[in-house]
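Each step along the sequence shown adds one to the number in the working numbering, with nothing skipped, and position 1 is 2.
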Amino acid sequence: MTSIKMKLLCAQVIKDLLGSSIDYDKVYKLTADAKFESGDVKASIAALSFILSSAAKYSVDGESLSNEMQQLGLPKEHSTSLCKAYADNLANLQEEFRRRSLRLSHLESVEWRVDYVISSSQLKEVNEPTVQLRLKIRNPDTNTVEPLSFSMTSDKFSVFLNQLKQVHTAMEGLS
């Protein structure tokens with residue numbers, strides 16, 4: 002495999018790391034002269050993906066990456082091609098990894114009501130207010146809204162509300 006084909010193969014892997022899909026027809030054409038079988042191609046893509054993503058996550062400079070790859074036995078021309086593709090896309094890779102990490106669920110809406118329970122099947126007299134909450138939460142991975150419903154006594158709700166206020170204050174202190 003030539004160093005130019007190595008750079009093009011790295012470009013396909015970087016494209017995949019950035020969220021696009023790999024063009025496997027191009028990859029198979031690039032690796033045809035090396036007589037790679039399907040498993041070899043997949044292993045090569047996985048190895049390049051691991052190397053490039055790990056280097057980007059740990060902010061490895063291109064020269065260090067090149068030296069390490071040569072110490073592992075990769076020819077200098079191939080190492081240079083890999084590092085050129087890596088250096089050209091380092092900022093984009095790091096930005097994409099930041100975007101993907103720490104994705105939190107998003108609270109879409111809150112519905113609530115207070116019920117006054119007079120009695121229940123287990124107790125003849127309860128005479129206590131109960132807070133019913135229904136949260137609609139957006140899952141960042143599936144982009145679907147999932148409802149979460151629960152109820153609590155007024156005492157537990159007071160504690161819950163106080164803790165939410167403390168968290169809110171702490172979060173404001175971070176920004």
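Every residue gets a Cβ at the ideal spot worked out from N, C-alpha and C, and that includes glycine.
| Check | Outcome |
| --- | --- |
| Does the count of Cβ pairs from the segment 57-67 and the segment 30-38 closer than 8 Å reach three? | no |
| Between the Cα of SER155 and those of LEU149, ASN163 and PRO148, spot the shortest distance and give me the residue it belongs to. | ASN163 |
| On the CB-based measure, 16 or more other CB atoms within 10 Å of its CB, does ASN90 come out buried or exposed? | buried |
| Measuring alpha carbon to alpha carbon, tell me which of LYS27, HIS169, ILE138 and SER60 ends up nearest GLU98. | Note on identity: in this sequence residue 98 is Phe, with Glu being the wrong assignment. For PHE98, the nearest C-alpha among the options comes from SER60. |
| So what does VAL115 bridge to, in DSSP terms? | VAL132 |
| Quick check: does the Cβ of ASP62 come within less than 7 Å of any heavy atom belonging to the ligand GTP? | The model depicted lacks the ligand GTP and carries no ligand whatsoever. |
| Output needed for THR45: all residues of its chain with C-beta closer than 8 Å, excluding positions within five of it in sequence on either side, in chain order. | It is worth fixing the name first, because residue 45 is Ser in this sequence and not Thr. So the qualifying residues of the chain are LEU10, THR32 and PHE37. |
| Relative to the alpha-carbon of ASP17, which residue among THR81, ASN93 and LYS85 has its alpha-carbon at the smallest distance? | ASN93 |
| With GLN71 and SER80 assumed to form a contact (beta carbons below 8 Å), what rounded beta-carbon distance in angstroms separates them? | 5 Å |
| Could you tell me which of LEU175, ALA12, GLU173 and SER159 sits nearest to LYS85, measuring between CA atoms? | ALA12 |
| Where DSSP assigns a beta bridge to HIS107, which residues make up the other side? | ARG139 |
| For ALA56, I'd like the list of residues in its chain whose CB is within less than 7 Å of its CB, leaving aside the five on either flank, ordered along the chain. | LEU66 and TYR87 |
| I'd like to confirm the pairing. Which residues does DSSP put opposite VAL146 in its beta bridges? | ARG139 |
| From what residue to what residue does the alpha helix (DSSP H) around PHE51 run? | 39-58 |
| Kindly identify the DSSP beta-bridge partner or partners of THR3. | DSSP output for THR3 lists no bridge partner at all. |
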